[in-house]
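To keep things clear, I will list the structure first and then write my remarks on it.
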Amino acid sequence: MMEAMATDISPRSKDDQANTPAPVPAWAKLAKAAASGVELKDWQSWQDYLKKRDTVPRLQSLVSGKKTSPLAWALFADETLDSRTLPLLETLGEIASGRTQPNADIVKQMESWLSDLERRIAERNLVLELLAVAHALPNLASITSAQLWWNLLDKIVSHANDAVATNFENKVFEQGLAGELPLTLAYLFPEIKACRQMGKPAARVIDEGMQALTDGEGLPKVDQLLHLRAILACWTRSIVMIKNIDGLRFSEDAFTQYQWLVRHALRMTRSDGTQTLSQGISSAYNRHLLLSALAQAEDEDDEEVARLTLPKMKGKGNDLHLPTPSYESAWSQFAYLRPSWHRSSPRLAVRHDLEPLIVELESREEIVMSGTWDTTILIDGVAISPTGNWEQVGWQSDDDGDYLELEQIWTDDVKLQRLIFLAREDNFLWVLDTVLLDSPADKIQYQSQPPIVAHAKLGTAAETNEVFIELSGSKITLLPVGINEWQSDTSLGKIGVVDDKLSLQQSGSGRGLVVPMFFDLSKKGQGKLLTWRQLTVAEKLVIQPRDRAVGYRVQTGTGHWAFYRSLTEKASRTFLGINLISETLVARFDENGDIEKLLEVEAS
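This note's numbering puts the first residue of the sequence shown at -2, with every later residue one more than the last.
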């Protein structure tokens, strides 16, 4: 009897282990469409089946970049990133692709990963690890025990089910957890009924997300732009898988939004490949993400745009007849002014969902401004403040340039209007702030601090007020057109560095104040003679005060322009011999001295 008991508790042989039923979770049952001869509880049979199966293509074989993991294309913006995330994505990507055979070290990693999983549940990029483990599972079966393998799959399925039942406060993260994750399980394990059944609801989550999370032309809300590339990566991988799952497809409306998003991703790519208005992990450039997205979107225009926009692309693109590079969305609360698709083209991104305004200006492949554009206003010595966010009140994009106008209400119903015009061929940026009051004030004091990047070197001329913004490879000139050209005359205001920030101060009286800034972005014009003047504006032969209408003339080494702004209701006035009833005019002097209008805004 004792001898028999000793035999019962001795270690099992390898043959005994192979014949022992695998610890399959209760939910894991074969689908009706499963291949014949598959048995989930027979671990050896299941291992052999996964090894020989050729009906489920490896994801990496279907996208660009066969040597890198598509799970590492883009990460969600997060203040914290586990140090194991990126190495794990690459390691598991190698295993999932079949380029590397799993070994005992990865088994230990998976055991450790599984034990730490619950305490990391709040990490935004944990979903990418879940996906990476899922994609590696078919190949991991050859090295792990049945217990570990099924525990891994059970935990991933549990997270997918929990996500489907969750009401996400931020719907962006729903796309990965309740969309791509269950879709991946349906793609990878169609033989398992519970996984297969996840396909349709997962595809529906992503389909609805493509439409609900965008403005009708593919752009998410501006506060989600930090996650733009992560969303694009999620939707691109999902489209690839859905094309290889029988019975699943996206709606035409959803796919159209995806195509638009691909274009926005190209549009918002800086010259070095990083993402506009973004820093850190969410901004990183991955060429294979965008190439894979272009392949799925199947748009010839965007392929041409990519050749002009993305770093180190083969072939020379041509921007003739391409879609406009500029874009504005009142719903997204975002505007992007860009004259051309070329990498060296200037571009200005404006985020107006918050106070203060957030901008990013890039010119000649260098960032010139980035951050919040701080503004201070005092009325008769009393500081006032915004009472709401910015509202878009004007937008136009044509052959002459991109025009954006925003308005914000401040204390005592004071209005601050900011007009921005980026010339398409003339290489200048015109920013004009207008302070409008209901009743006249004895003194209006204004200070503007454009967010010039910290590494820029700021310099001024010896006697005049222009500011030189010097970067590593380029130079920009800022003309404070509303103050006098000569530093000796400070009657209208002054410009200089205050608390390590460039600060323009201007003052006036009456019912309004106009504060203009001219940024010369041209390469040829730098270092050449320039000048500007405040001009008179007449109404019925009477010169108008500055709180009713203003006019300016700017001349640089590359051009000569005129600018006009009315602060009152519609009125017929004379400016440079031209009769105007408009609110705003931006014009160029041609070789004969005649005026060519670049922008004219009618009086409201």
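Backbone N, C-alpha and C fix where the C-beta goes; we use that ideal spot for every residue, glycine too.
Pick out whichever of C192, S109, T97 has its Cα sitting closest to the Cα of L137. T97
How would you write the range of the beta strand (DSSP E) that L403 sits in, first residue to last? 398 to 406
Backbone CA spacing between G173 and K440 [nearest angstrom]: 55 angstroms
Where R9 falls: helix, strand or coil (DSSP): With a pLDDT of only 39 at R9, under 50, the local geometry of the prediction cannot be trusted, and the value read off the model is given with reservation. In this structure, R9 counts as coil in the three-state DSSP scheme.
Taking the alpha-carbon positions, what's the S155 to V495 distance? 56 angstroms
Reduced DSSP category for F170 - H, G, I as helix; E, B as strand; rest coil: helix
Per the DSSP calculation, I189 is bridged to which residue(s)? L27
Straight-line gap, P383 to I355 (C-alpha atoms, nearest Å): 15 angstroms
One or two residues paired with F247 in a DSSP bridge: Answer by DSSP bridge pairing: none, since F247 is not bridged.
Which of helix, strand or coil DSSP assigns to M(-1): With a pLDDT of 33 at M(-1), under the threshold of 50, the modelled position of this residue cannot be trusted, and the question is left open.
With DSSP collapsed to three states, give me the class of Y282. coil
Determine the DSSP secondary structure at D106, reduced to helix, strand or coil. Contrary to the premise, residue 106 reads as Gln rather than Asp in this sequence. Looking at Q106 - three-state DSSP - the assignment turns out to be helix.
Out of L345, V379, S436, point me to the one whose CA is closest to R267's CA. L345
Relative to the alpha-carbon of S504, which residue among L375, F73, R348 has its alpha-carbon at the smallest distance? L375
Spatial neighbours of D423 in its chain, beta-carbon cut-off 6 angstroms, leaving aside the 5 residues before and after: G556
I'd like to know whether the C-beta atoms of A230 and A71 end up nearer to each other than 8 angstroms. yes
Could you check the C-alpha separation between D151 and H452 for me, to the nearest Å? 51 angstroms
CA nearest to the CA of P67, picked from W392, V539, T181, E363: T181
Hey, out of L59, E188, P179, E36, whose CA is closest to K29's CA? E188
DSSP-derived helix/strand/coil call for A418: Before going further, note that residue 418 is Phe rather than Ala in the sequence given. Three-state result, F418: strand.
Let me make sure I understand the geometry here. Which of W328, G479, A32 has the alpha-carbon closest to that of E388? W328
CA-to-CA distance, P343 to K311, given in whole angstroms: 22 angstroms
Residues bridged to D371 (per DSSP): Q446
Roughly how many angstroms lie between the CA atoms of M195 and L223, to the nearest whole one? 29 angstroms
Answer yes or no: do S251 and L287 have a C-beta to C-beta separation smaller than 8 angstroms? Here the sequence assigns Ala to residue 251, which means Ser is not the residue at that position. Contact: no.
Go through its chain and collect everything with a Cβ distance to F619's Cβ below 6 angstroms, but skip five positions before and after it. Outside the modelled stretch of the chain, which goes from -2 to 601, sits residue 619, for which no answer is possible.
Between S471 and R361, is the Cβ-Cβ spacing less than 8 angstroms? yes
Can you find the residues in the same chain that come closer than 8 angstroms, C-beta to C-beta, to E588, ignoring five residues on each side of it along the sequence? none
Rounded separation between F604 and Q531 - CA only: Nothing can be reported for residue 604, as the shown portion of the chain is limited to -2 through 601.
Measure the alpha-carbon distance for R193 versus R116 and round it to whole angstroms. 29 angstroms
Determine the DSSP secondary structure at S224, reduced to helix, strand or coil. According to the sequence shown, residue 224 is His rather than Ser. Reduced to three states, the DSSP call for H224 is helix.
Distance, Cα to Cα, M2 vs A227? Note that M2 has pLDDT 31, beneath the 50 cutoff, so the model's placement of it is unreliable and no number is given.
Which word fits S323, buried or exposed, when buried means at least 16 other C-beta atoms lie within 10 angstroms of its C-beta? buried
With a threshold of 6 angstroms on Cβ separation, who are the neighbours of S326 within its own chain once the five nearest residues in sequence on each side are excluded? D212, L216
Across which residues does DSSP place Q503 in a beta bridge pair? Y443, G490
If you drop the 5 nearest sequence neighbours on each side, which residues of the same chain put their C-beta closer than 8 angstroms to that of N100? I140
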